[in-house]
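Please read the structure below before turning to the comments.
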Amino acid sequence: MYNVIIAERQEITRTGIKHLVNEQPFFQTIVDVDNTIDLMLEIDKGEAGLIITGLDMPGENTILSIRQIHKFYPHLPILVLSNHDEIECVKQCFLFGASGYVLKNSQNSEIVTAMKKVMFQDQYIDPSLPVSKMDLMTSFCYPHQQSYDKLSRREREVFPLAVLGYGNKEIARRLCISTKTVEAHKTHMMQKLSLTHHADLIQYAAKNHLVNF
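Each residue of the sequence shown is one higher than the last, beginning at 59 in the numbering used here.
Have a look at this one:
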């Protein structure tokens with residue numbers, strides 16, 4: 059049985075995907091989340107066999123989260139289910155580690171086919187998209203945030219919560235760490251990013267498209 063984590067901002071869409079997944083033999087939804095922060099926490103439990111995710115969730119930019127997931131769990135397939143049909147968006151997802159990309163207006167059978175394909179380490183691209191596997195091999199220039207890439211994994215978990223205005227106690231509760239640890243991560247994070255005030259942090263995140271507000 060393949061355990062599936064569903065990550066999608068809209069509850070009605072999340073519920074529909076969960077129902078579709080649970081109807082399929084050998085697939086079951088173990089949890090569904092509506093933001094990238096909870097997605098990373100659930101993946102770290104080590105129970106998932108497949109991730110189905112949207113792209114416009116609160117928290118860290120989902121495409122950057124895809125890169126993070128692929129870095130630490132390179133064999134975990136990631137199926138993107140999105141409204142975005144721009145070729146550069148599709149290429150960016152695959153560049154950062156997505157296994158498949160399906161449009162939300164696709165037939166249920168298309169989504170199921172994609173699920174099965176990516177489980178066997180095969181890439182899947184929605185046939186209605188004007189992009190081929192060959193196109194994915196062409197270079198894609200993504201603005202590289204060198205300072206952000208210096209953040210540790212835990213600092214990257216603290217980052218979107220801090221940007222979104224969560225207090226230290228709430229961040230500690232959500233990440234299951236102490237408030238002192240949160241304070242230390244925030245201090246190191248601000249130093250690495252050469253930032254001084256919280257307003258600077260928000261501006262940095264917005265300018266570099268690092269967090270969905």
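Just so it is clear, CB atoms sit at the ideal spot from N, CA and C, and this is done for glycine as well.
For the pair residue 96 and residue 64, the CB atoms are not nearer than the 7 Å cut-off.
In the DSSP assignment, residue 61 falls outside any alpha helix (DSSP H) and within the unbroken beta strand (DSSP E) covering 60-65.
For the options 134, 246, 217, the alpha carbon positioned closest to that of residue 261 is the one of 217.
Between the C-alpha atoms of residue 135 and residue 157 there is a straight-line separation of about 6 Å. C-alpha of residue 230 to C-alpha of residue 186: approximately 44 Å in a straight line. Distance from the CA atom of residue 105 to the CA atom of residue 139, rounded to whole angstroms, is 21 Å. Every unbroken stretch of the beta strand (DSSP E) spanning 3 or more residues and falling wholly within the segment 98-171 is given here in chain order: 108-111, 136-140, 158-161. The C-alpha of residue 145 lies about 7 Å from the C-alpha of residue 189.
Contact check for residue 212 against residue 243 passes: the beta carbons are separated by less than 7 Å. Nearest to residue 116 by alpha-carbon distance, out of 237, 234, 149, 224, is 224. DSSP places residue 239 in the helix class (H, G or I) of the three-state scheme. For residue 182, DSSP records a beta bridge to 158. For residue 92, there is no enclosing alpha helix (DSSP H), as DSSP marks it with neither H nor E. Listed as beta-bridge partners of residue 79 by DSSP are no residues whatsoever. Between residue 235 and residue 127, the alpha-carbon positions lie close to 21 Å from each other. Beta-bridge partners assigned by DSSP to residue 269: 118. A direct Cα-to-Cα measurement between residue 237 and residue 227 gives close to 6 Å. The three-state reading of DSSP puts residue 261 in helix, counting H, G and I together. Look at residue 86 here: in three-state DSSP terms it is strand. Bounds of the alpha helix (DSSP H) holding residue 206 are 204-207. Between residue 87 and residue 76, the CB-CB gap stays under 7 Å.
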